[in-house]
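Numbering (the working numbering), first residue to last: 49 to 443. Glycine included, every Cβ here is placed at the ideal spot set by N, Cα and C. Heads up: the structure comes next, in structure tokens.
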């Protein structure tokens, strides 16, 4: 294990990346903790209003997209989004968030249909060896069972200088891209404003952008955590960041808690929220062997499924309070293709095709999380009172 200088607990809130300040916030931050971003967020909202006034043909609604984790199941969300784009009805989202597999999808969707072919490639072209080295690393010699450098190289292949410039250009229009990671020392979610990183002009901006995507997709224990260097009180420390799904399977930021309910944007715009859950939200029967590995694996997958459903309920409750139109997509329970190993191309292609057909034909969005009865609408329509460009963060 490589030793590191750990950020002292008392300084955790103050740690910043040298030369690139104010690019992240705790995902569970209170309104008071978010106040430091108030000025920049007000500028963002103002820029968004000005941009919409220039683009008179833009939809009067604010459109938010949140993409969950799910590993190779991310092929479903990718197919749904590309099919939706090919149908010509996918909006330009004002806010896009992503975790884990969703973190690898979100930047491409944020940039629009011009990047759909690359999004298709990522989830239909690459097999397990392109994601991680299946050779086991002895636990005493490393911090993960598998070598994630193939995924690191794959991210670098697509996220280059031009990609970063395109992200920066969209951020200047007021659109926002947030990626979630988990700070292991703090046991807290971290939300990264990827557009601000791209706009910074810092010589390490591209490297940091890539590292955050890798961190968000780094399953703890399986992949090594990503070390991120920060400074506070004149000293340099290292944080450990892993899969954002450890703390939040899916998230929606809530800028209204920063700008305040009296902001003009909150009075003139309805909000539509689209959540893509890269997994099934129904219970799935599976005969489990009595061995410790099978029992542990099944227990963890059940925990993750139910954590994700809990996140959906939390977001739905906030959406109801804010008057936000809630729309949910998930892998249909009827999808029956199975896989023998993770990141099996045959399985991912079938799942991508399932999502693509649904998106192209017009997906029947669920209006509530599982267990709450309410008729689905097709296509999704704004409902309820207008609100800020917001949905939920934990109070």
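Reference residue i, options the options, closest by Cα
| i | options | result |
| --- | --- | --- |
| residue 178 | 203, 193 and 159 | 203 |
| residue 132 | 76, 322 and 327 | 322 |
| residue 153 | 125, 162, 176 and 346 | 125 |
| residue 221 | 237, 345 and 159 | 159 |
| residue 151 | 66, 242 and 283 | 242 |
| residue 263 | 249, 54, 238 and 279 | 238 |
| residue 361 | 399, 392 and 296 | 296 |
| residue 251 | 66, 51 and 52 | 66 |
| residue 336 | 146, 348 and 413 | 348 |
| residue 265 | 353, 357, 70 and 180 | 180 |
| residue 357 | 148, 217, 369 and 329 | 329 |
| residue 149 | 389, 167 and 365 | 167 |
| residue 275 | 219, 282 and 258 | 258 |
| residue 350 | 333, 385 and 338 | 333 |
| residue 370 | 387, 318 and 389 | 318 |
| residue 55 | 208, 283 and 368 | 283 |
| residue 327 | 382, 338, 277 and 365 | 382 |
| residue 201 | 292, 255, 141 and 165 | 255 |
| residue 52 | 278, 219, 182 and 165 | 278 |
| residue 359 | 182, 292 and 140 | 292 |
| residue 206 | 218, 217, 165 and 219 | 165 |
| residue 380 | 393, 367, 414 and 340 | 414 |
| residue 331 | 58, 346 and 174 | 346 |
| residue 219 | 141, 109, 343 and 364 | 141 |
| residue 77 | 366, 169 and 236 | 236 |
| residue 163 | 210, 402 and 182 | 210 |
| residue 182 | 393, 394, 389 and 402 | 389 |
| residue 394 | 58, 174, 139 and 57 | 174 |
Expected contact under 8 Å - CB spacing of residue i and residue j to nearest Å
| i | j | result |
| --- | --- | --- |
| residue 122 | residue 156 | Their Cβ separation, rounded to whole angstroms, is 11 Å, which puts residue 122 and residue 156 out of contact at 8 Å. |
| residue 227 | residue 261 | 7 Å |
| residue 75 | residue 299 | 6 Å |
| residue 115 | residue 146 | 5 Å |
| residue 71 | residue 240 | 6 Å |
| residue 280 | residue 63 | 5 Å |
| residue 385 | residue 398 | 4 Å |
Residue i vs residue j beta-carbon contact at 7 Å
| i | j | result |
| --- | --- | --- |
| residue 325 | residue 373 | no |
| residue 143 | residue 73 | no |
| residue 130 | residue 404 | yes |
| residue 127 | residue 400 | yes |
| residue 212 | residue 246 | yes |
| residue 176 | residue 391 | yes |
| residue 396 | residue 120 | yes |
| residue 68 | residue 248 | yes |
| residue 208 | residue 408 | no |
Any alpha helix (DSSP H) of 4 or more consecutive residues that is wholly inside the segment 221-291: Correct list: 242-247 and 253-264.
Pairs of beta-carbons, one from the segment 284-292 and one from the segment 223-243, closer than 8 Å: are there three or more? Put simply, the segment 284-292 touches the segment 223-243. At least three CB pairs are less than 8 Å apart.
Counting only runs of 3+ residues fully inside the segment 320-388, write out the beta strand (DSSP E) ranges in chain order. You should have 373-378.
Meets three-Cβ-pair contact criterion under 8 Å: the segment 270-278 and the segment 192-200: Judged by pairs of C-beta atoms under 8 Å, the segment 270-278 touches the segment 192-200, as three or more such pairs exist.
Pair every Cβ in the segment 374-389 with every Cβ in the segment 412-419, then say whether three or more of these pairs are closer than 8 Å. Taking 8 Å as the limit for Cβ pairs, the verdict is that the segment 412-419 does touch the segment 374-389.
Restricting to runs no shorter than 4 residues, where is the alpha helix (DSSP H) found entirely within the segment 138-202? With a minimum length of 4 residues, the continuous alpha helix (DSSP H) runs that stay inside the segment 138-202 are 149-159, 164-172 and 176-179.
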